[in-house]
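Its first residue numbered 1128, the sequence shown is counted upward by one per residue in my numbering.
The C-beta atom is built at its ideal place from N, Cα and C for all residues, glycine as well.
Keep in mind it's a predicted model, so treat the numbers as computed, not measured.
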Amino acid sequence: MGRKAVSSPVAAIVAAVVAISIAAIAVAIFAQRAQTFQAGLQEAGGIAAREIRTRLSLVYHIGDEIMISNDGNIPAKIAKIFIDGNEFHVSYTIDPGEKWVYTNGRLRGARNIAVGLEGGGIVVIKTGGG
């Protein structure tokens, strides 16, 4: 019976040390992941801040032609036009305050039109309309 009395406190101490060790490892892993996550957020925030300044609008859509206006304060480098889910590669820069006319037979009757920017952003300029 004397052994049980001695080993119970020792077992409790060993269990506490193991629990503290596991908690320390978990905290270290969490801190490393949190740091990586924070760096990712900062990078995404920088991209978002640049994209927010890119403001494009649809001036008109008639038949197979659209006119896009750059209402932002930085040049918009257009890399793609999405027409009802179809992707078309283009290469054009619209300076602030300028307008650009794009012609494509798939625009006739198109309901959804978006512009893909060179940096990977997408600006939807028309949804659901006839």
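Which of helix, strand or coil does DSSP assign to S1203? The amino acid occupying residue 1203 in the given sequence is Ala; Ser does not appear at that position. A1203: strand per DSSP, three-state reduction.
Can you tell which of A1153, R1180 and L1234 has the C-alpha that lies nearest to the C-alpha of H1188? L1234
Run of the beta strand (DSSP E) containing G1248, from where it starts to where it stops: Taken as a continuous stretch (DSSP letters only), G1248 belongs to no beta strand (DSSP E), as it is neither H nor E.
As assigned by DSSP and simplified to three states, the class of G1224: coil
Start and end residues, beta strand (DSSP E) containing N1197: E1192 to N1197
Where A1241 sits in the DSSP three-state scheme: strand
Cutting at 7 Å between CB atoms, please list the residues of its own chain near V1251, excluding the five before and the five after it. A1241
Pick out whichever of F1157, S1196 and A1142 has its Cα sitting closest to the Cα of V1228. S1196
Between the alpha carbons of S1135 and I1152, how many angstroms are there, rounded? 26 Å
Using CA atoms only, rank isn't needed, just tell me which of N1239, L1244, E1225 and D1222 is closest to H1216. L1244
6 Å CB neighbourhood of T1254 in its chain, flanking five on each side removed: N1239
At which residues does the beta strand (DSSP E) containing L1185 begin and terminate? L1183 to I1189
Where I1193 and V1154 are concerned, what is the direct C-alpha to C-alpha distance, given to the nearest angstrom? 55 Å
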